[in-house]
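Working notes, beginning with the structure itself.
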Amino acid sequence: MLRLFCFCYLLSITNLLYGQSEVPQKVQAVATQHPDTALRSLQELYAKSRQADNPQLEGEYLQAMGEICFHQGHYQQALEFYIDAESAFEKVGNSDLLAQNFGKTGMLYFYNKQHDKAQHLFKKALTLYQKTKNQEGEANILGSMGQVYEKRQLYDSAFYYQKMALEKFQQSNNPGGAAKIYENLGSIYEDLERYDEALEHFNQSLLLYRAQNNETGTIEVINNLGDILRKTGKYAASIAKTKEALRLSEKTKNNLSKGISNQRSRKNLRPNGADGQCLSLCRTQPYL
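For the sequence shown, the working numbering gives the first residue as 1, with consecutive numbering after it.
As structure tokens, then:
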């Protein structure tokens, strides 16, 4: 049954070589449950796009592989995919795709606590999005820049960028984007120990994430709610939230979220089993 599923998935996504580019949407459904399968499929598709001399698809497949490795917590392998995707997008001259890739690479640096590198790439992405008048792209990057200011404890700047991002997402009727910004605002309020406001924004974020079936976002916010409960002395409820997030991350095989959940329950993440298999695939780069 799994082989049949893999074949049908590969067949459906292969049509992208000859149709519109929708790689992220097509990959996401299978990548959360079967990251190793998605990587193998993408590696084959990347090879076909090279044969077809289609640099835009090359870049999108590379970026999608980087995204999978990133969510599995394999940052170095993800970075290599993103850098190669950048080169492909530069060949095409597609500013929006290049800006998107800068944003993804910047977020990788952000999670790796390299905030200067992250902000540098976010600014490059913002400049490109402003030139192409891509409002949703701008909103994504403004939110990311606000996260950097939050980590630097520059809260006025953090609020400013997040609120600009939220306004743009609301104008473009993008509930998924708004969910992330509500989460970011909740995080700022949490830092400032304004817990009631933090809970309000996290719950709004959770509502939107669930409506969008965004499992990664849902896990992140449940973890955040657990933190608030712990900080306000509601320890039993906090533990329950952390366990809920851990169960969801194990179900979706999302190692990045799983690692966060484990940290918050004071456990260590040790890649093995299916996780180790995905790491091996992330390290394998037959496209070079």
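Here a beta-carbon is modelled for each residue, glycine too, at the ideal position from N, C-alpha and C. No experiment lies behind these values; they were computed from the predicted model shown.
- Cβ contact annotation for MET145 (same chain, cutoff 8 Å, sequence separation greater than five): GLN119, PHE122, LYS123, LEU126 and TYR161, in chain order.
- Relative to GLU86, the option among LYS251, GLN100 and ARG247 whose CA is nearest is GLN100.
- Three or more Cβ pairs drawn from the region 135-151 and the region 171-190 lie within less than 8 Å of each other, which places the two stretches in contact.
- Taken through DSSP and simplified to helix, strand or coil, ALA52 comes out as coil.
- Counting other Cβ atoms within 10 Å of its Cβ, ASN54 reaches 16 or more and is therefore classed as buried.
- Under the three-state reduction of DSSP, GLU90 is assigned to helix.
- Per DSSP, reduced to three states, the secondary structure at GLN114 is coil, with no helix or strand assignment.
- The C-beta separation of LEU108 from PHE70 comes to about 6 Å, placing the pair in contact by the 8 Å criterion.
- Comparing alpha carbon positions, the residue from ILE222, ARG230 and THR232 closest to LEU246 is ILE222.
- A straight line joining the alpha-carbon of LYS241 with that of HIS34 spans about 25 Å.
- By the 16-neighbour rule on beta-carbons within 10 angstroms, ILE228 is buried.
- Here DSSP, grouped into helix, strand and coil, assigns GLN153 to coil.
- A buried status is given to ASP36, since no fewer than 16 other beta-carbon atoms sit within 10 Å of its beta-carbon.
- Per DSSP, the unbroken alpha helix (DSSP H) holding THR252 starts and ends at 235-252.
- Across the structure, GLN77 and TYR149 are spaced so that their CA atoms are roughly 27 Å apart.
- Here GLY103 carries a helix assignment [DSSP, helix/strand/coil].
- Our two residues, GLU58 and GLN51, have alpha carbons roughly 10 Å apart in a direct line.
- Counting only the Cα atoms, GLU193 lies some 10 Å from GLY186.
- The Cβ-Cβ distance between LEU62 and ASP96 does not fall below 8 Å.
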